[in-house]
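Asks: Mind looking over this structure? Questions follow.
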Amino acid sequence: GKLTYNYSLGQAPDYGFRPIVGNTTKEDGDRCHPTQKPISVVRKFIKYWSNEGNIILDPFLGSGTTAVTCIETDRNFIGIEINPEYCEIAEKRIKLAYEKKRQVEIFK
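So the sequence shown is numbered by the UniProt record's numbering: it starts at 1 and just counts up by one.
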(Lines of atoms letter the chains of each structure in order from A and count residues from 1; the text may use other names and numbers.)
(Lines give C-alpha, C1' and ligand atoms only; values in the text may rest on other atoms or scores of the structure.)
Protein backbone atom coordinates (compact mmCIF):
# COMPACT_ATOMS: atom_id res chain seq x y z
CA GLY A 1 0.00 0.00 0.00
CA LYS A 2 0.81 3.67 -0.08
CA LEU A 3 3.15 4.80 2.73
CA THR A 4 2.61 8.04 4.61
CA TYR A 5 4.71 9.73 7.26
CA ASN A 6 3.16 7.49 9.90
CA TYR A 7 2.32 4.43 7.86
CA SER A 8 1.36 2.31 10.90
CA LEU A 9 -1.59 4.66 11.44
CA GLY A 10 -2.13 5.31 7.75
CA GLN A 11 -1.86 9.06 8.12
CA ALA A 12 0.64 11.86 8.54
CA PRO A 13 1.24 12.88 12.17
CA ASP A 14 -0.59 15.95 13.45
CA TYR A 15 2.03 18.38 14.72
CA GLY A 16 -0.61 20.94 15.61
CA PHE A 17 0.10 23.22 12.67
CA ARG A 18 -2.82 25.19 11.31
CA PRO A 19 -3.26 27.27 8.15
CA ILE A 20 -1.32 30.52 8.23
CA VAL A 21 -3.35 33.72 8.19
CA GLY A 22 -1.70 36.94 6.98
CA ASN A 23 -1.43 38.46 10.44
CA THR A 24 2.29 39.16 10.76
CA THR A 25 2.82 42.88 10.32
CA LYS A 26 5.20 45.74 10.90
CA GLU A 27 4.44 48.31 13.58
CA ASP A 28 2.53 50.45 11.08
CA GLY A 29 0.29 47.52 10.13
CA ASP A 30 1.91 46.72 6.76
CA ARG A 31 3.30 43.27 6.12
CA CYS A 32 7.10 43.06 5.99
CA HIS A 33 7.12 40.36 3.31
CA PRO A 34 4.38 38.84 1.12
CA THR A 35 4.96 35.32 2.49
CA GLN A 36 6.02 36.19 6.03
CA LYS A 37 5.19 33.49 8.60
CA PRO A 38 4.20 34.04 12.22
CA ILE A 39 7.13 33.39 14.58
CA SER A 40 4.96 30.93 16.54
CA VAL A 41 4.70 28.65 13.49
CA VAL A 42 8.41 28.84 12.64
CA ARG A 43 9.28 28.21 16.31
CA LYS A 44 7.31 24.93 16.27
CA PHE A 45 9.18 23.70 13.20
CA ILE A 46 12.58 24.66 14.58
CA LYS A 47 11.94 23.09 17.98
CA TYR A 48 10.57 19.87 16.45
CA TRP A 49 13.41 19.30 14.03
CA SER A 50 16.53 20.77 15.65
CA ASN A 51 18.36 21.08 18.94
CA GLU A 52 19.92 24.06 20.70
CA GLY A 53 23.24 24.90 19.09
CA ASN A 54 22.30 23.41 15.69
CA ILE A 55 22.71 25.44 12.52
CA ILE A 56 19.53 26.23 10.58
CA LEU A 57 19.88 27.15 6.90
CA ASP A 58 17.24 29.46 5.44
CA PRO A 59 18.05 29.87 1.73
CA PHE A 60 15.12 32.29 1.32
CA LEU A 61 15.58 34.54 4.35
CA GLY A 62 12.93 37.08 3.41
CA SER A 63 12.21 39.35 6.38
CA GLY A 64 14.25 37.18 8.77
CA THR A 65 11.57 35.31 10.73
CA THR A 66 13.60 32.09 10.81
CA ALA A 67 16.72 33.95 11.94
CA VAL A 68 14.83 35.75 14.72
CA THR A 69 13.36 32.45 15.88
CA CYS A 70 16.80 30.84 15.87
CA ILE A 71 18.13 33.61 18.10
CA GLU A 72 15.20 33.19 20.49
CA THR A 73 15.60 29.39 20.66
CA ASP A 74 19.41 29.26 20.91
CA ARG A 75 20.07 27.97 17.41
CA ASN A 76 22.64 29.29 14.95
CA PHE A 77 21.51 30.27 11.49
CA ILE A 78 22.67 30.97 7.97
CA GLY A 79 20.34 33.13 5.90
CA ILE A 80 20.44 33.84 2.18
CA GLU A 81 18.33 36.54 0.53
CA ILE A 82 18.64 38.04 -2.96
CA ASN A 83 16.35 41.07 -2.47
CA PRO A 84 18.21 44.05 -0.92
CA GLU A 85 15.00 45.48 0.58
CA TYR A 86 14.29 42.25 2.46
CA CYS A 87 17.95 42.05 3.52
CA GLU A 88 17.56 45.44 5.22
CA ILE A 89 14.34 44.37 6.96
CA ALA A 90 15.93 41.10 8.08
CA GLU A 91 19.05 42.87 9.34
CA LYS A 92 16.97 45.22 11.51
CA ARG A 93 14.87 42.37 12.90
CA ILE A 94 17.97 40.26 13.63
CA LYS A 95 19.72 43.13 15.44
CA LEU A 96 16.59 43.76 17.50
CA ALA A 97 16.32 40.06 18.38
CA TYR A 98 19.94 40.00 19.59
CA GLU A 99 19.33 43.15 21.67
CA LYS A 100 16.23 41.60 23.28
CA LYS A 101 18.12 38.38 24.00
CA ARG A 102 20.96 40.30 25.68
CA GLN A 103 18.43 42.19 27.83
CA VAL A 104 16.81 38.94 28.93
CA GLU A 105 20.20 37.41 29.77
CA ILE A 106 21.06 40.40 31.95
CA PHE A 107 18.04 39.68 34.12
CA LYS A 108 18.74 35.95 34.51
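Where is the CB? At the ideal position from N, CA and C, for every residue including glycine.
Which residue from Ile46, Lys44, Ala67 puts its Cα closest to that of Ile89?
Replies: Out of Ile46, Lys44, Ala67, Ala67 has the C-alpha closest to the C-alpha of Ile89.
Asks: So, are the CB atoms of Ile78 and Leu57 less than 8 Å apart?
Replies: Taking 8 Å as the Cβ cut-off, Ile78 and Leu57 qualify as a contacting pair.
Asks: Should Lys101 be listed as close to the ligand MG, given that the test is whether its C-beta is under 7 Å from any heavy atom?
Replies: Summarising the ligand content, the structure contains no ligands, and the ligand MG is consequently not present.
Asks: Using a Cβ-Cβ cutoff of less than 7 Å, which residues in the same chain neighbour Thr69 once the five nearest sequence positions on both sides are dropped?
Replies: Around Thr69: Ile39, Val42, Arg43, Ile46.
Asks: Taking DSSP as the reference, what is the three-state secondary structure of Ile107?
Replies: It should be noted that the sequence gives Phe, not Ile, for residue 107. Looking at Phe107 - three-state DSSP - the assignment turns out to be coil, as it is neither helix nor strand.
Asks: Determine the closest residue to Gln103 out of Asn51, Ile71, Ser63, with distance taken between C-alpha atoms.
Replies: Cα-wise, what sits closest to Gln103 is Ile71.
Asks: For Leu61, name the three-state secondary structure that DSSP assigns.
Replies: DSSP places Leu61 in coil when its eight states are reduced to three.
Asks: According to the neighbour-count rule (16 or more other Cβ atoms, all chains shown, within 10 Å of its Cβ), is Gly53 buried or exposed?
Replies: Exposed, by the Cβ-count rule.
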